[in-house]
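Undergrad:
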Amino acid sequence: MLYTNAILFTPAGFVRGGFAVEGGRFAEVFEGKRSGGVDLGGAVVIPGLVDIHTHGAAGADFSDGDAEGLKRMAAHLAKRGVTSFCPTSMTLPYETLEKAFHTAAELHENRPAGCARVMGIHMEGPYFSEKKKGAQNGAYLKLPDLPGFRKLFEGCSGLVRIVDVAPELAGAAAFAEGAKALCTVSVAHTDADYDEAAAVFDAGASHLTHLYNAMPPIHHRKPGVIGAASERKNVIAELICDGLHVHPSSVRMAFKLFPGRVCLISDSLRCCGMPDGEYELGGQQVFLSGGVARLADGTIAGAASDLYADMQNAISFGIDRDEAIRAATIRPAKEIGREAEIGTIEPGKLADFVVCDSDLTPRAVYIGGKHIE
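31 is the number of the first residue of the sequence shown in my numbering; add one for each residue after it.
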């Protein structure tokens with residue numbers, strides 16, 4: 031199928047042109063005018079978004095280990111322009127994680143029509159600090175456990191693409207050094223000081239989970255995790271841009287602290303796309319009110335918005351449009367080692383794209399060149 035008369039977001043930026051799709055992949059991407067095919071009428075076309083940190087949506091949570099729930103989550107994300115994702119686990123017993131990981135592996139191998147692609151798993155927990163556990167369930171926290179992690183990794187055929195660890199825990203540096211050969215290692219839910227964080231980054235961690243959240247703030251005499259991460263050019267920082275977790279000024283600061291190294295995420299919960307009410311997260315009750323999800327003690331539990339909305343928020347907060355799109359597409363794709371398949375509009379890649387208005391309001395979503403109803 032040929033698509034013409036569009037404003038395409040390519041690796042070089044926006045260009046006017048079109049593209050052809052064959053066998054579910056981009057067969058050709060061209061600049062300029064061409065006759066025939068589907069005339070997109072000057073619409074903007076961007077790559078499908080890639081969310082590498084999302085727990086749930088549409089009433090479903092990945093950690094439930096329910097295949098039908100995961101499909102419902104994937105269908106909801108697809109309609110919102112998120113065409114690939116890493117379902118993200120919570121701090122739970124290994125047997126619970128094993129069951130959830132199995133459902134992800136099944137959906138990765140057999141994607142139903144209308145569903146976003148499962149392109150990996152983000153294992154958030156259980157190797158976290160009690161002090162900074164946030165909405166993670168403290169009953170299931172563990173010290174870094176490379177043999178245990180390796181078993182989970184192998185049990186889902188290596189689908190885990192990110193694993194998190196708190197640097198101050200005993201064995202964290204050794205864990206990072208061993209796990210980096212398997213997947214991206216991320217620093218998260220931590221009270222580590224600068225030296226503790228630096229040691230784990232130097233051992234192999236190259237990612238920072240939800241920057242600012244569940245970690246010490248920057249202090250001029252205590253730069254902490256954020257200071258250690260920002261000065262290492264190989265470290266990519268996740269950022270939630272729902273307007274609640276991080277102030278717009280801090281969003282702008284993040285893009286300056288990590289130039290070209292911010293990865294937008296949703297950190298969405300099962301309440302994403304759902305009405306206000308009571309929900310569950312990792313064995314704890316979550317209360318959604320006015321778009322804010324909190325535990326009973328008032329702790330912010332996660333997000334109720336999706337990655338597409340967060341990308342739009344980032345732009346409204348003053349982030350350059352091109353940079354915001356990259357932070358929601360190719361950069362997360364690279365973090366999970368999937369950049370050869372997704373993240374940009376280029377020949378040979380999967381034809382996952384969103385047709386938008388000039389302000390990026392989505393009109394239509396396509397996965398593998400097929401329109402998502």
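Note that beta-carbon positions come from the ideal geometry of N, C-alpha and C, so glycine has one too. These figures come from a predicted structure and were not determined experimentally.
If you measure between the beta carbons of H152 and C116, is that distance less than 7 Å?
TA: Walking along the sequence shown from the start, residue 152 turns up at place 122. Walking along the sequence shown from the start, residue 116 turns up at place 86. Yes, they are a contact pair.
Undergrad: Hey, how far is the Cα of V281 from the Cα of K252?
TA: Walking along the sequence shown from the start, residue 281 turns up at place 251. Walking along the sequence shown from the start, residue 252 turns up at place 222. Computed Cα separation, rounded: 21 Å.
Undergrad: The alpha helix (DSSP H) that contains L182, what's its start and end?
TA: By one-based count along the sequence shown, residue 182 stands at place 152. That run of the alpha helix (DSSP H) goes 176 to 185.
Undergrad: Suppose you measure from the CA of A104 to the CA of R147; what does that come to, to the nearest Å?
TA: Working through the sequence shown from its first residue, we reach residue 104 at position 74. Working through the sequence shown from its first residue, we reach residue 147 at position 117. Taking the Cα positions, A104 is about 7 Å away from R147.
Undergrad: My output table needs one value for H152: the three-state DSSP class, helix, strand or coil.
TA: Numbered from its first residue, the sequence shown carries residue 152 at position 122. It is a strand residue.
Undergrad: Please report the straight-line C-alpha distance between P197 and I360, rounded to a whole angstrom.
TA: As a first step, residue 197 is located in the sequence shown; it is residue number 167 there, counting from the start. As a first step, residue 360 is located in the sequence shown; it is residue number 330 there, counting from the start. The alpha-carbon atoms of P197 and I360 are separated by roughly 28 Å.
Undergrad: Compare the beta carbon distance of L274 and V316 with 7 Å and say whether it is the shorter of the two.
TA: Locating residue 274 in the sequence shown gives position 244, where the first residue counts as 1. Locating residue 316 in the sequence shown gives position 286, where the first residue counts as 1. Cβ distance not < 7 Å, so L274 and V316 don't count as in contact.
Undergrad: Using the beta-carbon count (16 or more within 10 Å), is S296 buried or exposed?
TA: As a first step, residue 296 is located in the sequence shown; it is residue number 266 there, counting from the start. Buried, by the Cβ-count rule.
Undergrad: Apart from the five residues just before and just after P156, which ones in its own chain have a Cβ nearer than 6 Å to its Cβ?
TA: Translated into positions along the sequence shown, residue 156 becomes position 126. T121, Y170, L171, K172, listed in sequence order.
Undergrad: Would you say D221 and S159 are within 7 Å of each other, going by their C-beta atoms?
TA: Position 191 of the sequence shown, counted from the first residue, corresponds to residue 221. Position 129 of the sequence shown, counted from the first residue, corresponds to residue 159. Yes, Cβ-Cβ distance for D221 and S159 is below 7 Å.
Undergrad: Leaving out five residues before and five after S319 in sequence, what residues of the same chain have Cβ atoms less than 6 Å from its Cβ?
TA: Taking the first residue of the sequence shown as position 1, residue 319 is located at position 289. Here the set comprises D306.
Undergrad: Grab me the residues of G234's own chain with a C-beta within less than 6 Å of its C-beta, minus the 5 sequence neighbours each way, in chain order.
TA: Numbered from its first residue, the sequence shown carries residue 234 at position 204. Answer for G234: A206, E207, K210, V215, listed in chain order.
Undergrad: In the structure shown, what three-state DSSP assignment does P362 receive?
TA: Within the sequence shown, the letter at position 332 stands for residue 362. In the structure shown, P362 falls within a helical segment according to DSSP collapsed to helix, strand and coil.
Undergrad: Quick one: grab the DSSP three-state call for R324.
TA: Within the sequence shown, residue 324 is the residue found at index 294, counting from 1. Three-state result, R324: strand.
Undergrad: Name the DSSP beta bridge partners of F39, please?
TA: What you label residue 39 is simply residue 9 of the sequence shown in a count that begins at 1. Paired residues: F44.
Undergrad: Rounded to a whole number of angstroms, what is the C-alpha to C-alpha distance between E365 and L189?
TA: Indexing the sequence shown from 1 puts residue 365 at position 335. Indexing the sequence shown from 1 puts residue 189 at position 159. C-alpha separation (whole angstroms): 13 Å.
Undergrad: Just to check my reading of the structure: A130 and S93 have Cβ atoms closer than 8 Å, yes? What is that Cβ distance to the nearest angstrom?
TA: To locate residue 130, count along the sequence shown from 1; it is residue 100. To locate residue 93, count along the sequence shown from 1; it is residue 63. Right, the Cβ-Cβ distance comes to about 5 Å (below 8 Å), so this counts as a contact.
Undergrad: Would you kindly check if the distance between the Cβ of C293 and the Cβ of E268 is under 7 Å?
TA: For the purposes of this step, residue 268 is taken as the residue at position 238 of the sequence shown. For the purposes of this step, residue 293 is taken as the residue at position 263 of the sequence shown. Yes, Cβ-Cβ distance for E268 and C293 is below 7 Å.
Undergrad: Which same chain residues end up closer than 7 Å to G178 when comparing Cβ atoms and leaving out the 5 residues on each side of it in sequence?
TA: Looking up residue 178 in the sequence shown gives position 148. Here the set comprises Y124.
Undergrad: Taking all protein chains shown into account, decide if S114 is buried (16 or more other Cβ within 10 angstroms of its Cβ) or exposed.
TA: As a first step, residue 114 must be located in the sequence shown, where it is residue number 84. That one is buried.
Undergrad: Roughly how many angstroms separate the alpha carbons of H240 and G99, rounded to a whole number?
TA: Locating residue 240 in the sequence shown gives position 210, counting from the first residue. Locating residue 99 in the sequence shown gives position 69, counting from the first residue. Between H240 and G99, the C-alpha separation is close to 25 Å.
Undergrad: Cβ atoms of A363 and G348: under 7 Å apart, would you say?
TA: The residue labelled residue 348 in the question sits at position 318 within the sequence shown. The residue labelled residue 363 in the question sits at position 333 within the sequence shown. No; because the gap between Cβ atoms is not below 7 Å, this pair is not in contact.
Undergrad: Pull up the CB-CB distance for K379 and F49, whole angstroms please, since I reckon it's below 8 Å.
TA: Counting from one through the sequence shown, the residue named residue 379 turns up at place 349. Counting from one through the sequence shown, the residue named residue 49 turns up at place 19. In fact, because the Cβ distance is near 11 Å, the residues do not count as touching under 8 Å.
Undergrad: On a CA-only basis, which of E369, H219, L299 is nearest A90? Give me that one, please.
TA: By 1-based counting over the sequence shown, the position of residue 90 is 60. Answer by Cα proximity: L299.
Undergrad: What does the alpha-carbon distance come out to for the pair A87 and P278?
TA: If you number the sequence shown from 1, residue 87 lands on position 57. If you number the sequence shown from 1, residue 278 lands on position 248. Going by the C-alpha atoms only, they are around 24 Å apart.
Undergrad: Comparing C-alpha positions only, which one of M245, H250, A358, A134 sits nearest to G95?
TA: One-based indexing of the sequence shown puts residue 95 at position 65. Closest by alpha carbon: A134.
Undergrad: So H85 is in the alpha helix (DSSP H); what residue range does that whole segment cover?
TA: For this step, residue 85 is matched to residue 55 along the sequence shown. Taken as a continuous stretch (DSSP letters only), H85 belongs to no alpha helix (DSSP H), as it is neither H nor E.
Undergrad: Opposite I266 in the DSSP bridges: which residues?
TA: Numbered from its first residue, the sequence shown carries residue 266 at position 236. DSSP output for I266 lists H237 as bridge partner(s).
Undergrad: Near R262, what residues of its chain come up, given a Cβ to Cβ distance below 7 Å and the 5 sequence neighbours on each side ignored?
TA: Sequence index remark: in the sequence shown, residue 262 carries index 232 (1-based). For R262, where only same-chain residues beyond five positions count, the Cβ hits under 7 Å are F231.
Undergrad: Does the pairing of the segment 56 to 74 with the segment 35 to 45 give three or more beta-carbon distances under 8 Å?
TA: yes
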